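Taking our numbering, the leading residue of the sequence shown gets 10, the next gets one more, and so forth. Don't be surprised by glycine CBs; every beta carbon is placed ideally from N, CA and C. Quantities reported herein were computed from a predicted structural model and do not represent experimental measurements.
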Amino acid sequence: MGKFFLFFISLLNLTVFHSKAKTVSVPPHNFTLPDGYSLKQIAAPPLVQRPIHMSFDKDGVLYVTDSSGNTESAPAQLKNPTHRVLRLVDKDGDGVFDESTVFADKLPFPEGILVHKGSVFVGAPPHIWEFQDTDGDHVADKKTSWFNGGSIEGCGNDLHGPYMGVDGYFYWCKGAFDPQTHLLGNGKLFKSSAAHIYRAKPDGTGLEVVITGGMNNPVGLAFDENGERFLSGTFFDLSGPGKRDCILHAVYGGTYGRKNERVLSPHPSTGGLLPILSQMGPAAPSGIVMPRNNILGLKGDLLCSNFNLRRISRHRLTMSGSSYSSTNESFLESDNSDFHPTDVIEDADGSLLVADTGSWYMICCPTSKVAKPHVLGSIYRIKKVGAPKIKDPRGHELNWKNPDVQWLSDQRPIVVSRSIETLSKKGNIKELMQAKARIPALWTVHRIEGRKARQSVREFLNDDNPQVVAAAIHSIGLWQDQEAVKSLISILRYDNPHLVRLAAMALGKIGSAEAIKPLIDAGSGNIDHFLKHAITYALYEIGETEVLPSNNMIADQVRKMVSVAKGLPSLSVMPEIELADAVDGDPQRVALQTKRIEEITQLLPDGDVNRGRKIFNNVAKSLCLTCHVMGSQGVKFGPDLTGIGSIRSKQDLLEAILYPSSSIARYYERVLVKTKKGESSGLILKDTRNEMTLSNAPGVQQSVPIKEIKSAKYSNVSLMPEVFNDLLKPQEIADLVVYLTTEKVSTDQLSKGSDKKDNTSIPPHIPVDLPGLHAYSQKSVSAGDEIGFRVSSKVPYKMSIVRLGKDPENRDNDPVLKTFEVDEPVAQPIHPGSYVHVSKGLPHSRRLSQFTMECWIRPFNLSGWQGLVTQHDYPKKSGVGLFLQNGSIEFLTGSGGEFDASSMHQTPAGLIKAQTWHHVLATWDGKIKKIYIDGKVAAEFPFVGVVRPGQTPLRIGAYGSEGLASNFYNGDIAMPALYGMALNENQVKSRYQDRGLTIPNGNSLLACWPLSEEKGQTVADSVTG
């Protein structure tokens, strides 16, 4: 089926936009960033050395956590604190910092900074410290523990933050996987080893759990102006090759990946892990921001620092159901392997600041064990070329002793945020309710205590702007305003899944039994994961299971959650896994290793990618694929090598190959376990509440009951043996390294979690089951190359490989090179040639009043069911579609829910001929369905009912079955189009006479794909965004 798509149209956002790029040289880096932007270094040594995180105060002073270069474990750094907080000042206002002083020193490993009302808060596990300068000398003289997490594991994942939410709360993250115990604001004692987002008021009261996760390291938080949260971090999703780190939409009460039974099973879940927003691969994302100022054209997007990938990524968000979807691209990228961005923040003028920490960091990071503390970092500023200069961006010239409500409408976001804080007084409520800037006014009233303020917030629920309503619901939920229950229940009936989700969240926090039946009703339709979660979690928080209906999936899940909560055990008896012993390098051994690395380093310039690829794929020679995955190849045991060249330098890879124990990848350390019965060791394959499963080799597993473990300790010796010096020649090792460095993954590919060669990057589909025996080989091979044959068969077979003889008419005398007799055949999955997969089709909640579907087809085969143009997933998400079935055209107008045969109508058989072009068009005017073939009515049926697209991708050349693309069309298709009205007979005739040569137009056109004759590149030519 030919297709090189696209274009379009009003309802479907089908393209992924990548701006034209330019290169900016700031030695030793060559940066790539979109055309129209500028980059400038604004702080470098000696002003800063290894900047990590940044935060401005109200006067424009930049506070920066600056590393000493200490690479010991986090517990060791707690005992020997050597880091600091710097205070940077731009004295002449030119955007470049001129002065640097030490504000605070002797800090443990710093992992976040926030300036709030004159205090500087620094996250350094296990504490969040509050620093104050009480005498005005710009040096902290008072240090207080604002929060004590109570745990600190080797990598320091226990705490990231704090971050200021738009709701006025402090937020911070807790990662893997040491237990913590906290007294929550509701008076309950909370014990958990899982990952979490926490929040509390700036005075430390009202501690609350926002999300729960099995991820290892939740790191950065960003907020939109309505109160929605977005989290970046590592090891969120290990479901396929190339997948690992992510950004997610962090909704209240949600449970997120990775799958981690031991830490997640004690926590009530609404039914599985919530979906990821952006898959980033092994990016090691850190700081993340959502700009408020649109002077850079980035307002509402997420900008995220990618430590491993040497880039700042941009994530354009669009609403999808009750959550969001994301289109991803690289915004800033360096070609230097020592560029490691850790934070990105917005300045008052709308420019972005990027912190590059340099190459000192190697804590739990599988780079070369030769740390580079001498490779220092810098801070850069990104601006829009030609952007107007903002006068007084921080509002210094305003009279802050007498703030004005009109300042909430100011175009300077810093002025707005400062006005919110200064105007949050009871005497301002009346004037605030008349403010034009509704969302800032709402958040100002939100910060005011008392009944009058709560009543005023409820009035915002009547606003015409759904974003204002969303912010008001967030506020109501935080205040648990009982008097808002009736209004929130009415919102449950809105045709806006975002607001319905938020209303359910707020009703759960309020805990009113009056909301139980409305919540059950709101969950009875075809709803997405996030909305289902919100309704389920709200019912769980209300807690009155005795009045929940029977035989209801959501109610049944709530009962399971209550059961889990009642049986919540004390913390796991699994002993803490001790850190590996430090390796005291034998000088003679280190010298020999260094010499060997230097020898092969000299061969790297002559390394050959093609030779390296052959070595990698030769299992007998290199052993790589016996333990590692690269795309769709290999065995999942050691670290995933998909896109490894994007995150590791040649030197890192060379050292890891020759001396694997020098750089053991995180979570691939061998664990030594002692029990009463003896000792065991291996990688941890599975870790549940009851047992730990270890493996020393692919396919070898040993289960150890948790209750029998006396101690556990990481080993400093890798399971990967040091054999490559003997297996491969020096030049072969160099070739292998060069090949691995070419295996890179672009930003848009990382969003799918794999590289181009990986079939998991395409949408899920059902392979075609072909009977009989099928075999093929490469069309051509180079001299000396191996010839590979692919065979699929369900019956035993004998196959001979022959060299063609002299007599083309007589094959009997051809010399036989090799014969294979196969008694246990394997039927290989056969994938379809190509179909178009539109991840975001017609809005599934939109009720259609009229509709037309059109396409030209030339089928090669008429048998069976074949999808032509469909937004339909049988049997639960039955929407709309055109189908070919045994020579008949079928037209489906479903409700978006369960399949109903009465919504499917067909033409008589025999009107469609194989190998012949036909114009197929189907209309529904709200009362009558008509199917046209070649400009003439072929069938007509009365039909009145609810018609909605299914909550499933739109597919051209296939349709869905239980979430998988199937029933692929076998033929050519051209000019498929969708209309929001029923075309009349004259319009149908005109379209037929046009012969598919002209793209349709008009206000009723929803989408059109002017497909070309080129073949697709994968099973599914995906259109995302």
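Closer than 8 Å is the cut-off here; do at least three beta carbon pairs connect the stretch 970-979 with the stretch 947-956?
Contact between the stretch 970-979 and the stretch 947-956 is absent, because fewer than three Cβ pairs lie under 8 Å.
In chain order, what residues of the same chain have a beta carbon less than 6 Å from the beta carbon of residue 64, not counting five sequence neighbours either side?
Here residue 64 refers to the residue found at position 55 of the sequence shown. Excluding the 5 residues flanking it on each side, residue 64 has same chain C-beta neighbours closer than 6 Å at 72, 122, 123, 124, in chain order.
Minimum Cβ-Cβ distance from residue 39 to chain D less than 8 Å:
Absent from the structure is chain D; it holds one protein chain and no more.
Kindly identify the DSSP beta-bridge partner or partners of residue 333.
The count along the sequence shown starts at 1 and reaches residue 333 at position 324. Looking at the DSSP output, residue 333 bridges to 328.
Boundaries of the alpha helix (DSSP H) in which residue 562 is found, first to last residue:
Position 553 of the sequence shown holds residue 562. Per DSSP, residue 562 is one residue of the alpha helix (DSSP H) stretching across 562-575.
Residues in its own chain within less than 8 Å of residue 767 by CB, not counting five upstream and five downstream?
The residue labelled residue 767 in the question sits at position 758 within the sequence shown. Model confidence at residue 767 stands at a pLDDT of 38, short of 50, so the residue's coordinates are unreliable and nothing is read from them.
Provide the residue(s) that pair with residue 107 in DSSP beta bridges, ordered along the chain.
Residue numbering aside, residue 107 sits at position 98 when the sequence shown is read from its first letter. According to DSSP, which records beta bridges pairwise, residue 107 is partnered with nothing at all.
Using the Cβ count rule (16 or more neighbours within 10 Å means buried), how would you classify residue 869?
Position 860 of the sequence shown, counted from the first residue, corresponds to residue 869. By the neighbour-count rule (16 or more Cβ atoms within 10 Å), residue 869 is not buried but exposed.
In or out: residue 416 buried (at least 16 other Cβ within 10 Å) or exposed?
The residue given as residue 416 occupies position 407 in the sequence shown. Buried, since its Cβ has 16 or more Cβ neighbours within 10 Å.
Is it buried or exposed for residue 111, if we count other Cβ within 10 angstroms and need 16 for buried?
On the sequence shown, position 102 is the one that residue 111 refers to. Counting the other CB atoms within 10 Å of its CB gives residue 111 a total below 16, which places it among the exposed residues.
Hey, is the stretch 174-192 in contact with the stretch 223-239, meaning 3+ C-beta pairs nearer than 8 Å?
By the Cβ test, the stretch 174-192 is in contact with the stretch 223-239, since at least three Cβ pairs between them sit closer than 8 Å.
Proximity winner among 220, 345, 485, relative to residue 37 (alpha-carbon distances):
The residue you call residue 37 lines up with position 28 of the sequence shown. Cα-wise, what sits closest to residue 37 is 345.
Which residue from 867, 400, 904 puts its Cα closest to that of residue 925?
Here residue 925 refers to the residue found at position 916 of the sequence shown. The candidate whose alpha carbon is nearest that of residue 925 is 867.
Counting only runs that start and end within the stretch 470-533, where is the alpha helix (DSSP H) found for 4 or more residues in a row?
If one requires a minimum length of 4 residues, the alpha helix (DSSP H) runs lying completely within the stretch 470-533 are 475-488, 494-500, 506-519, 525-531, in chain order.
Between 504, 886, 557, 507, which has its C-alpha nearest residue 528's C-alpha?
Position 519 of the sequence shown, counted from the start, is the residue given in the question as residue 528. Of the listed residues, the one whose Cα sits closest to residue 528 is 557.
Give me the Cα-Cα distance between residue 509 and residue 283, rounded to the nearest whole angstrom.
Start at 1 with the first residue of the sequence shown, and residue 509 comes out as number 500. Start at 1 with the first residue of the sequence shown, and residue 283 comes out as number 274. Spanning the two alpha carbons is a distance of roughly 17 Å.
Whole angstroms is fine: what's the gap from residue 660's alpha carbon to residue 723's?
Taking the first residue of the sequence shown as position 1, residue 660 is located at position 651. Taking the first residue of the sequence shown as position 1, residue 723 is located at position 714. CA-to-CA, the gap between residue 660 and residue 723 works out to about 25 Å.
Is residue 40 helix, strand or coil when you go by DSSP?
Here residue 40 refers to the residue found at position 31 when the sequence shown is read from its first residue. Residue 40 falls in the strand class under three-state DSSP.
Tell me the DSSP bridge mates of residue 430?
Sequence index remark: in the sequence shown, residue 430 carries index 421 (1-based). Per DSSP, none; premise fails for residue 430.
Helix, strand or coil: which one does DSSP assign to residue 396?
Position 387 of the sequence shown, counted from the first residue, corresponds to residue 396. Residue 396 carries a coil assignment under DSSP once its states are collapsed to helix, strand and coil.
Looking at the secondary structure, which residues open and close the alpha helix (DSSP H) in which residue 440 lies?
As a first step, residue 440 is located in the sequence shown; it is residue number 431 there, counting from the start. Its alpha helix (DSSP H) spans residues 438-441.
Residue 606: first and last residue of the uninterrupted alpha helix (DSSP H) it sits in
If you number the sequence shown from 1, residue 606 lands on position 597. Segment 596-610, the alpha helix (DSSP H) holding residue 606.
Straight-line gap, residue 236 to residue 426 (C-alpha atoms, nearest Å):
Locating residue 236 in the sequence shown gives position 227, counting from the first residue. Locating residue 426 in the sequence shown gives position 417, counting from the first residue. In a straight line, the C-alpha of residue 236 is about 14 Å away from that of residue 426.
Can you list the alpha helix (DSSP H) stretches of 4 or more residues lying completely in the stretch 271-300, in chain order?
Counting only runs of 4 or more, we get nothing.
Run the proximity test for residue 330: is its beta-carbon closer than 7 Å to any non-hydrogen atom belonging to the ligand FAD?
This structure simply doesn't include the ligand FAD, nor any ligand for that matter.
Can you find the residues in the same chain that come closer than 8 Å, C-beta to C-beta, to residue 305, ignoring five residues on each side of it along the sequence?
To locate residue 305, count along the sequence shown from 1; it is residue 296. If the five residues before and after residue 305 are omitted, its C-beta is found closer than 8 Å to the C-beta atoms of 46, 359, 360, 361, 391, 392, 393, 396, all from its own chain and listed in chain order.
Inspect the beta-carbon positions of residue 680 and residue 586 and report whether they are closer than 8 Å.
Along the sequence shown, one-based indexing puts residue 680 at 671. Along the sequence shown, one-based indexing puts residue 586 at 577. Taking 8 Å as the Cβ cut-off, residue 680 and residue 586 qualify as a contacting pair.
May I ask which residues mark the beginning and end of the beta strand (DSSP E) holding residue 941?
Reading the sequence shown from its first residue, position 932 is the one you call residue 941. First-last of the beta strand (DSSP E) with residue 941: 937-942.
Proximity of residue 976 and residue 888 at Cβ, strictly below 8 Å:
Here residue 976 refers to the residue found at position 967 of the sequence shown. Here residue 888 refers to the residue found at position 879 of the sequence shown. Residue 888 sits away from residue 976, with the two beta carbons spaced by 8 Å or more.
So, for residue 89: in the same chain, excluding its five sequence neighbours on each side, which residues have a beta-carbon less than 8 Å away from its beta-carbon?
In the sequence shown, counting from the first residue as 1, residue 89 sits at position 80. For residue 89, the CB contacts under 8 Å within the same chain, skipping 5 residues up- and downstream, are 79, 81 in chain order.
Nearest CA to the CA of residue 350: which residue from 331, 325, 295?
For the purposes of this step, residue 350 is taken as the residue at position 341 of the sequence shown. When each option's Cα is compared against that of residue 350, the closest is 295.
Contacts around residue 703, its chain only, beta-carbon distance under 6 Å, and the 5 residues preceding and following it disregarded
As a working mapping, residue 703 is identified with position 694 in the sequence shown. Excluding residues up to 5 positions away in sequence, 689, 691, 711 lie with their Cβ nearer than 6 Å to the Cβ of residue 703 in the same chain.
Less than 8 Å separating the beta-carbons of residue 258 and residue 322?
As a working mapping, residue 258 is identified with position 249 in the sequence shown. As a working mapping, residue 322 is identified with position 313 in the sequence shown. Taking 8 Å as the Cβ cut-off, residue 258 and residue 322 do not qualify as a contacting pair.
Please classify residue 165: does DSSP put it in a helix, a strand, or coil?
Along the sequence shown, read from residue 1 onward, the residue named residue 165 stands at position 156. Taken through DSSP and simplified to helix, strand or coil, residue 165 comes out as coil.
Between residue 694 and the rest of its own chain, which residues show a CB-CB distance below 8 Å, the 5 nearest in sequence each way excluded?
Numbered from 1 along the sequence shown, position 685 holds the residue referred to as residue 694. Answer for residue 694: 702, 703, 704, 710, listed in chain order.
Hey, out of 336, 500, 988, whose CA is closest to residue 934's CA?
Sequence index remark: in the sequence shown, residue 934 carries index 925 (1-based). For the residues 336, 500, 988, the minimum Cα distance to residue 934 belongs to 988.
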